[in-house]
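Residue numbers (the numbering used here): 412 to 656. Even glycine gets a Cβ: it sits at the ideal position worked out from N, Cα and C. Remember, it's a predicted structure, so these values are computed and weren't measured experimentally.
Take a look at the structure:
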């Protein structure tokens, strides 16, 4: 690849800005609030799982209560119907049968009401459990909001620096030929964030290897517009008056 020495040296400016952006990103990610916020997020995720189970238990209890209430209503309706029939019959046989059925219905109603009371207590317990979990989540959310406010305040200055560096990078990148910029981005991706390195006193500033022998001779023979790569780290090797060639 060919590129003018001036364009190649612009890669050093671009690299400097990319390194600065990496440093700012690291500082933003390493703010003291980051770790406790991550822990709160884990706690909230665990509590959400607990809440899902609790809500499932509450819904089951409410469904059971609804069924029992329906059964109670059916038995009460039958008691009312049989009581009315008892009042309007003169048949001894019918009276005996109705009285026996009413006694059975009364026992059934008593059993259902006992079950209903037990399930109502279960519903109340489940509702209290869900309310407790919601209160815990509210506490977590409040703590997280306070930490986020602290983090945002601490990050505001870093964010301003990052925005300025991103604007400067866009300007510098816009002046680099597209093919050279693409090649630089590829090297940067493979080079852990470093795509171009200054050759200073025959030493690559990207990996600190000092060129000797045939590697050094190849660099010396290269035309000024040849885009070279470090034989060790494969990053773009930018030559300047500091290169010591």
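Notebook entry, point to check: Between residue 598 and residue 551, which are expected to be in contact by the criterion C-beta below 8 angstroms, what is the C-beta distance as a whole number of angstroms?
Noted result: Counting from 1 along the chain shown, the entry for residue 598 is found at position 187. Counting from 1 along the chain shown, the entry for residue 551 is found at position 140. In fact, because the Cβ distance is near 44 angstroms, the residues do not count as touching under 8 angstroms.
Check: How many angstroms separate the CA atom of residue 483 from the CA atom of residue 540?
Finding: One-based indexing of the chain shown puts residue 483 at position 72. One-based indexing of the chain shown puts residue 540 at position 129. So the alpha carbons of these two residues sit roughly 27 angstroms apart.
Next item on the list: Note down, one range per segment and in chain order, each beta strand (DSSP E) of at least 3 residues found wholly within the region 499-532.
Entry: none
Check: Would the region 488-495 and the region 433-446 be scored as touching if the rule is three or more Cβ pairs under 8 angstroms?
Finding: no
Notebook entry, point to check: How would you write the range of the beta strand (DSSP E) that residue 605 sits in, first residue to last?
Noted result: The count along the chain shown starts at 1 and reaches residue 605 at position 194. Counting along the chain, residue 605 falls outside any beta strand (DSSP E), and DSSP gives it neither H nor E.
Next item on the list: Ignore the nearest five residues each way along the sequence and tell me which others in residue 654's own chain have a CB closer than 6 angstroms to its CB.
Entry: Position 243 of the chain shown, counting from 1, holds the residue named residue 654. The answer, listed in chain order, is 610.
Next item on the list: Using only alpha-carbon positions, find the residue among 465, 642 and 503 that is nearest to residue 622.
Entry: Residue numbering aside, residue 622 sits at position 211 when the chain shown is read from its first letter. Ranking the options by Cα distance to residue 622, first place goes to 642.
Check: So residue 429 and residue 580 are in contact, right, with Cβ under 8 angstroms, and what is the actual spacing, rounded?
Finding: Residue mapping note: residue 429 aligns to position 18 of the chain shown, counting from 1. Residue mapping note: residue 580 aligns to position 169 of the chain shown, counting from 1. Right, their Cβ atoms sit about 7 angstroms apart.
Note to self: By alpha-carbon positions, which one of 502, 543 and 614 ends up nearest to residue 462?
What the structure shows: Counting from one through the chain shown, the residue named residue 462 turns up at place 51. Looking at the Cα atoms, 543 is the closest of the given residues.
Checklist line | Run of the beta strand (DSSP E) containing residue 438, from where it starts to where it stops | finding: Residue 438 sits at position 27 when you count from the first residue of the chain shown. Here residue 438 belongs to no beta strand (DSSP E); instead the alpha helix (DSSP H) covers 416-440.
Check: What are the boundary residues of the alpha helix (DSSP H) that includes residue 631?
Finding: Position 220 of the chain shown, counting from 1, holds the residue named residue 631. Per DSSP, residue 631 belongs to the alpha helix (DSSP H) from 624-632.
Notebook entry, point to check: Between residue 572 and the rest of its own chain, which residues show a CB-CB distance below 7 angstroms, the 5 nearest in sequence each way excluded?
Noted result: On the chain shown, residue 572 is found 161 positions in, with the first residue counted as 1. Excluding positions up to five away in sequence, the list reads 435.
Next item on the list: Note down the Cα distance separating residue 418 from residue 639, rounded to an integer number of angstroms.
Entry: Working through the chain shown from its first residue, we reach residue 418 at position 7. Working through the chain shown from its first residue, we reach residue 639 at position 228. Going from the Cα of residue 418 to the Cα of residue 639 covers about 13 angstroms.
Margin query: Quick check on the DSSP output: the beta strand (DSSP E) that includes residue 638 runs from which residue to which?
Written below: Here residue 638 corresponds to residue number 227 of the chain shown, with the count starting at 1. Segment: none, residue 638 is in no beta strand (DSSP E) and carries neither H nor E.
Notebook entry, point to check: Helix, strand or coil for residue 619 per DSSP?
Noted result: As a position in the chain shown, residue 619 is number 208, starting the count at 1. It is coil, neither helix nor strand.
Margin query: Please report the straight-line C-alpha distance between residue 473 and residue 534, rounded to a whole angstrom.
Written below: Counting from 1 along the chain shown, the entry for residue 473 is found at position 62. Counting from 1 along the chain shown, the entry for residue 534 is found at position 123. Between residue 473 and residue 534, the C-alpha separation is close to 6 angstroms.
Item checked: Buried or exposed (CB count within 10 angstroms, at least 16 for buried), residue 617 -> As a working mapping, residue 617 is identified with position 206 in the chain shown. So residue 617 ends up on the buried side.
Item checked: Three-way DSSP call (helix, strand, coil) for residue 649 in this model -> Translated into the one-based positions of the chain shown, residue 649 becomes position 238. Correct three-state label for residue 649: strand.
Check: What are the residues that DSSP puts in a beta bridge with residue 453?
Finding: Locating residue 453 in the chain shown gives position 42, counting from the first residue. Per DSSP, none; premise fails for residue 453.
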